[in-house]
Amino acid sequence: MTTSDTLSTAHLFALPPEIEEFRASARAFAERDVAPLVEEAEHTGTFPLSLFRRAGDQGLLGLQFDMEWGGSEAGLLADMVFREEVSRVCAGIAAGLGIQGQIGTAYLARYGSDEQKARWLRPAIAGELITAWGLTEPDAGSDVRSIRTTVRPDGDGFVLNGRKTFITNGPIAGVVGVVAKQGEDRFAVFMVEASDPGYSVERTLNKLGCRSSQVGELVFDNVRLDESRRISPPEGSTIDAILDVLIRGRVLIAAAALGVAGAAFDLGLQYAKDRRAFGKPIGKFQEISMKFAEADARIAAARLLTYRAAVLCDSTDSVPIRECAQAKLIASETALWVVDQMMRVFGGMGFMAESTIERLYRDVRYFQIVEGTTEIQHRILAKAVGL
Ligand SMILES: Cc1cc2nc3c(=O)[nH]c(=O)nc-3n(C[C@H](O)[C@H](O)[C@H](O)COP(=O)(O)OP(=O)(O)OC[C@H]3O[C@@H](n4cnc5c(N)ncnc54)[C@H](O)[C@@H]3O)c2cc1C
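The working numbering numbers the first residue of the sequence shown as 536 and each following residue consecutively.
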């Protein structure tokens, strides 16, 4: 099936009305529940934990998941809108909440048994259990196949050893999906609970941006786990199943980047109208107005790519690797460009910690790194065109 077969024209150029309606509730959540907490959360580098429950109560953490487990089956497109709207208000909080609805739970939702879903997915969707996903290690990020965390059979269970780093929600999570190697080339995912002996959060990391998301380094020292903790895809390789989840997650990173780009654009536009120099609003100078013209077009292009990737993810079983990479690459780089341009519009005020654009300038660096760096997206796309 080709791309043009899969997408209706309506989907290409506008979101379905029910998704636009959902945007209103996602925006209301972001403005009413998230916005008042941003300043303190960013200042202290602490995620406002009550938000998990509030988001869960409003059905915002299980948008992609089955109703049987408390989800709404609204799809990745709805989750994309949710991520964009929360990120517009705070990228750090969007990152923490976002883990809960995607990489922290998506593998479990897809491949877990009913018993496993009842134990971790249902409470995660309700916002009662915080989740994290542990793949990256001090010596293995982009090169996921070279991770060193190991799991080995021992008696009637398993023993897990290793270290994970840069793990979002790690310091606050009740359960972490940990990717380990079982033997030379075999991968496995085990659910590790915060109370498991041998598991510890070694440190919470201090970051440039997205400061309200809590990111940490986790240690697994002879953690004993039984079979009930292992999540296995019924067929195919575990590493391919893991990568499928990560690839779809790129759409949500693109959406979050769009949220930051939109926020920066709106702030800059208002400033360009209000700030006067040489007797007129600065927006009347061609050098300033061109920035908005260019940003408007770039954001629209990134938005269309992101919507297309989300629609494809929702409508086909095969993973749209190329379209997800295009969306992630263009949206994350567009956001970086837009925020940089808007910083210039703010002049000296943009450099001051008291201005919101200063936070966006720090936060926007997140998007070119996570779920595959810009260089990794370049590699994927170069391969897709036959190089
Ligand atoms: C704030 C934050 C939150 C995160 N949250 C999580 C999380 O929740 N769970 C998790 O598992 N991980 C998480 N990560 C880790 C993130 O996914 C990795 O940082 C990312 O995949 C890059 O890996 P790395 O940092 O090891 O960089 P490296 O892989 O060491 O890359 C370093 C540089 O080399 C480039 N490079 C590497 N390989 C190639 C190549 N083949 N070709 C060209 N260039 C290449 C990269 O693009 C980059 O520029 C998080 C990271 C951050 C910053």
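Positions of the beta carbon are idealized from the N, C-alpha and C atoms, including for glycine. Small disclaimer: the values here were computed from a predicted structure and weren't measured.
- For P688, the enclosing beta strand (DSSP E) has its first and last residue at T685 to D689.
- When the alpha-carbon of K742 is set against those of A559, G580, K918 and E672, the nearest one is in G580.
- Closest by C-alpha distance to L839, out of A862, K918, W668 and D649, is A862.
- In this structure, ligand 1 has a non-hydrogen atom nearer than 7 Å to the beta-carbon of E906.
- Bridge partners of L753 according to DSSP: K699 and V736.
- Separation of R765 and A715 (C-alpha to C-alpha, rounded to the nearest whole angstrom) is 11 Å.
- Short of 7 Å from the beta carbon of L802, and not among the five residues preceding or following it, lie these beta carbons of its own chain, in chain order: M877, T891 and I892.
- Under the 10 Å beta carbon count, D849 is surrounded by 16 or more other beta carbons and is classified as buried.
- N704 counts as buried, since no fewer than 16 other beta carbons sit within 10 angstroms of its beta carbon.
- Of all alpha-carbon atoms in P769, V786, I856 and V880, the one lying nearest the alpha-carbon of L804 is that of V880.
- For the pair of segments examined, the stretch 727-735 was found not to touch the stretch 766-785: the number of CB pairs separated by less than 8 Å stays below three.
- A residue is called buried when at least 16 other Cβ atoms come within 10 angstroms of its Cβ; A559 does not meet this threshold and is exposed.
- Using a cutoff of 7 Å, the CB of C745 counts as near ligand 1, since one of the ligand's heavy atoms is closer than that.
- By the neighbour-count criterion, in which 16 or more other beta carbons inside 10 Å mark a residue as buried, P855 falls on the buried side.
- DSSP places M726 within a strand segment (E or B) once states are collapsed to three.
- Proximity to A549 across F820, I777 and V846 peaks at V846, based on C-alpha coordinates.
- Scanning the stretch 621-697 for uninterrupted beta strand (DSSP E) segments of 3 residues or longer gives 666-669 and 685-689, listed from N- to C-terminal end.
- Beta-bridge analysis with DSSP links V846 to no other residue.
- Sixteen is the threshold: since fewer than 16 other Cβ atoms of the shown chains lie within 10 Å of the Cβ of M602, the residue is exposed.
- Around the beta-carbon of G605, 16 or more other beta-carbon atoms lie within 10 Å, marking it buried.
- In the structure shown, I856 adopts helical secondary structure according to DSSP, grouped into three states.
- Residue burial annotation: F813 is exposed, with fewer than 16 other C-beta atoms found within 10 angstroms of its C-beta.
- Contact between the stretch 671-679 and the stretch 646-653 is absent: fewer than 3 CB-CB pairs across the two stretches fall below 8 Å.
- When rounded, the separation of the alpha-carbon atoms in P551 and T841 is 15 Å.
- For the 8 Å CB-CB criterion, V873 and A790 do not form a contact.
- For G676, the distance from the CB to the nearest heavy atom of ligand 1 is below 7 Å.
- Annotation for A708: I665, T666, A667 and A729 place their beta carbon closer than 7 Å to its own, counting only its chain and skipping 5 residues before and after.
- With at least 16 other beta carbons inside 10 angstroms of its own, L753 counts as buried.
- Following the DSSP letters along the chain, one finds G803 inside the alpha helix (DSSP H) bounded by residues T773 to D809.
- Residue environment analysis places G597 among the buried positions, since at least 16 neighbouring C-beta atoms fall within 10 angstroms of its C-beta.
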